[in-house]
Amino acid sequence: MAPLLIVVALLVIAAGVALWLSDARERPSRDAADFVEPAEAVEPAREAGPAEPEPEPEPEPEPVEPEPIPEPAPEPELIPEPVEPEPEPEPEPEPAPEPEPEPEAEPGPVEPTPEPDPAPTPTPKPAPRAHRKSGLQFPGASRRERRAWAEGHGFSFAKHSDELVGEWQRGAAAAGATPKDIASGSIYGHSTHVMDLGGVTVIAMDTGRISDVVVDMRREGFHADSSADLITVTETEGFTVLGTHAGAVERFLDVRVRTALSSLPEAVTAAWFESDWVLAEMDRSSAAAEWDATLAPLALLADAARTLPPETADQIEFGFATRDMPEQTLTPEAHAQLRPVTRPEPEEPHVQRPDEPLEMPTRVTGAVRGQVDYSDLGGDEVTAIADGAPEEQTTDLTRVRREQAPSSIFGDAPTKDPEKEEE
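Residue numbers for the sequence shown follow this note's numbering, so the first one is 53 and each next one is one higher.
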């Protein structure tokens with residue numbers, strides 16, 4: 053890579069030197085043309101002819117004495133000219149009488165004139181695409197452009213992302229390309245990633261719901277390898293719609309989808325739904341202005357993805373045994389007339405009774421069984437701990453009484469001497 057950059061730098065320097073030399077050669081001719089007199093520019097015809105010789109200045113005449121002024125000659129007498137008689141005015145012819153206007157015929161029922169067909173409204177031409185300034189770019193120019201776009205929209209930028217590797221398997225990611233130069237953020241309530249995938253710009257937006265149905269929409273004239281499970285469903289708004297389930301795709305194509313497809317810029321060549329993502333593939337010459345124009349229609353497609361069938365639910369496994377319900381079959385007589393099936397009466401269990409009935413206790417007659425101690429009715433069989441008389445209180449417990457006796461610390465010693473006792 054380094055030798056290639058050196059060669060490119062040398063070529064750029066050589067081109068600059070050549071431009072400088074050519075400019076230095078043309079500069080004197082341009083400077084000479086700037087100092088041309090304005091008269092020569094106004095009258096180009098005179099410059100084309102041969103130059104006339106300038107006339108020599110005439111010698112000044114010598115002073116001459118003034119001649120005497122001659123006397124004026126007498127004026128001749130004027131002879132009056134004969135006056136011609138004025139012609140008499142001719143009489144003006146009288147104006148001819150105006151013809152009387154004929155009475156207008158009464159208007160009859162006017163037949164309605166057929167209205168002209170309305171002129172067909174011209175179809176609006178698509179706005180011109182914003183091309184890049186130059187097809188030749190320095191290494192890292194697209195990355196810097198992506199980083200600047202991410203900072204302007206509050207997105208984060210990363211060269212690689214391990215979380216997005218293997219996330220998509222269709223469209224531009226069918227060849228196993230790895231996402232690069234990723235601008236990640238949230239817009240219109242959806243998580244969005246703008247990245248380079250397989251050499252093209254791809255915008256991915258989260259739909260919020262996983263679906264097993266794949267919908268692939270390709271612009272007319274865009275050729276790509278088609279999967280074996282995709283079938284052509286319809287064509288709308290300049291896109292060919294393919295899918296894995298024709299019925300689900302037809303129900304999915306509502307007014308929101310058609311509006312979004314008609315609003316996508318011309319740089320978007322394909323869009324497809326995969327798992328919980330909707331992705332838009334753009335051509336290699338797409339610019340930042342076309343990325344902005346793609347976000348709103350792509351968010352509308354992400355909202356419409358909720359109409360696709362959800363992911364297939366897993367079968368529920370019961371961890372405990374259950375009893376089978378009895379099968380109810382109709383009798384042959386029930387084919388002619390439906391009537392409720394009579395249930396068989398349950399059999400009563402066999403009860404074995406003794407020959408002589410047992411004597412059950414009764415309250416009709418008194419009887420004593422066993423030894424019973426007689427006691428007074430209402431008395432307590434347990435003797436009371438106290439007799440119930442209140443104990444005499446020497447104090448009312450409001451204060452501690454002071455004893456007037458002397459201190460007892462001096463009387464604590466034993467009265468007998470222990471040494472004498474040992475002797």
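Even glycine gets a Cβ: it sits at the ideal position worked out from N, Cα and C.
Quick caveat: nothing in here was measured; it's all calculated off a predicted structure.
For residue i, which beta-bridge partners are listed by DSSP?
{"i": "His242", "result": "Ile239"}
{"i": "Lys211", "result": "Paired residue(s): none; Lys211 is not in a bridge."}
{"i": "Gly295", "result": "Val267 and Ile283"}
{"i": "Leu56", "result": "DSSP, once it has assigned bridges, lists no residue as partnering Leu56."}
{"i": "Met412", "result": "Met412 is not bridged to any residue."}
{"i": "Ile65", "result": "DSSP output for Ile65 lists no bridge partner at all."}
{"i": "Asp248", "result": "Lys232 and Thr253"}
{"i": "Thr288", "result": "Phe291"}
What span of residues does the beta strand (DSSP E) with residue i cover, start to end?
{"i": "Ser263", "result": "Val252 to Arg271"}
{"i": "Ala345", "result": "No beta strand (DSSP E) contains Ala345, which is instead part of the alpha helix (DSSP H) from Ala340 to Ala356."}
{"i": "Ser327", "result": "Val320 to Met334"}
Got a sec? Which residues, its chain only, sit under 6 Å from residue i by beta carbon, not counting five neighbours each side?
{"i": "Phe291", "result": "Met269, Arg271 and Leu313"}
{"i": "Ser243", "result": "Asp258"}
{"i": "Leu62", "result": "none"}
{"i": "Tyr31", "result": "As displayed, the chain neither begins before 53 nor continues past 475, which places residue 31 out of reach and without an answer."}
{"i": "Phe209", "result": "Arg199, Ala202 and Ala235"}
{"i": "His297", "result": "Val265"}
{"i": "Val60", "result": "none"}
{"i": "Thr286", "result": "Val293"}
{"i": "Ile461", "result": "none"}
{"i": "Leu216", "result": "Pro231"}
{"i": "Pro398", "result": "none"}
{"i": "Asp248", "result": "Lys232 and Asp233"}
For the alpha helix (DSSP H) that contains residue i, what are its first and last residues?
{"i": "Ser17", "result": "Residue 17 lies beyond the stretch modelled for the chain, which goes from 53 to 475, so this question has no answer here."}
{"i": "Val393", "result": "No alpha helix (DSSP H) contains Val393, which DSSP labels as neither H nor E."}
{"i": "Trp201", "result": "Ala193 to His205"}
I think residue i touches residue j, with their Cβ atoms under 8 Å apart; what is that distance to the nearest whole Å?
{"i": "Leu331", "j": "Ala340", "result": "With 8 Å as the limit, Leu331 and Ala340 do not qualify as a contact, their Cβ atoms being about 18 Å apart."}
{"i": "Arg308", "j": "Asp258", "result": "At roughly 17 Å, the Cβ-Cβ gap does not stay under 8 Å, so Arg308 and Asp258 are not in contact."}
{"i": "Val252", "j": "Arg336", "result": "6 Å"}
{"i": "Val293", "j": "Val267", "result": "7 Å"}
{"i": "Ser194", "j": "Asp233", "result": "7 Å"}
{"i": "Glu302", "j": "Arg222", "result": "With a Cβ gap of about 20 Å, Glu302 and Arg222 do not count as contacting."}
{"i": "Thr276", "j": "Gly250", "result": "Checking the sequence shown, residue 276 turns out to be Ala, not Thr. Not really, about 11 Å apart at Cβ, beyond 8 Å."}
{"i": "Ala256", "j": "Trp343", "result": "12 Å between Cβ atoms; not a contact."}
{"i": "Leu334", "j": "Ala319", "result": "With the sequence shown as reference, residue 334 is identified as Met, and Leu is not the correct amino acid for it. That belief holds up - the Cβ atoms of Met334 and Ala319 are roughly 5 Å apart, short of 8 Å."}
{"i": "Leu282", "j": "Gly295", "result": "7 Å"}
{"i": "Thr321", "j": "Phe274", "result": "5 Å"}
{"i": "Val254", "j": "Ala300", "result": "Not a contact, Cβ separation roughly 24 Å."}
Keeping to the same chain, check which residues put their C-beta closer than 7 Å to that of residue i; ignore five residues upstream and five downstream.
{"i": "Thr447", "result": "Arg453"}
{"i": "Phe207", "result": "Ala235, Ser236 and Gly237"}
{"i": "Lys211", "result": "Lys232 and Asp233"}
{"i": "Glu197", "result": "Ala340"}
{"i": "Pro458", "result": "none"}
Considering only residues of the same chain and omitting the five flanking positions on each side of residue i, which have a CB-CB separation below 8 Å?
{"i": "Arg310", "result": "Thr288 and Glu289"}
{"i": "Glu363", "result": "Ile262, Ser263 and Asp264"}
{"i": "Gly101", "result": "In this prediction, Gly101 scores a pLDDT of 44, lower than 50, which makes its location untrustworthy; the coordinate-derived value is nonetheless stated afterwards. Here the set comprises nothing."}
{"i": "Asp306", "result": "Ala356 and Thr359"}
{"i": "Ala227", "result": "Gly250"}
Say whether chain B places a C-beta atom closer than 8 Å to the C-beta of residue i.
{"i": "Arg451", "result": "Absent from the structure: chain B. Only one protein chain is present."}
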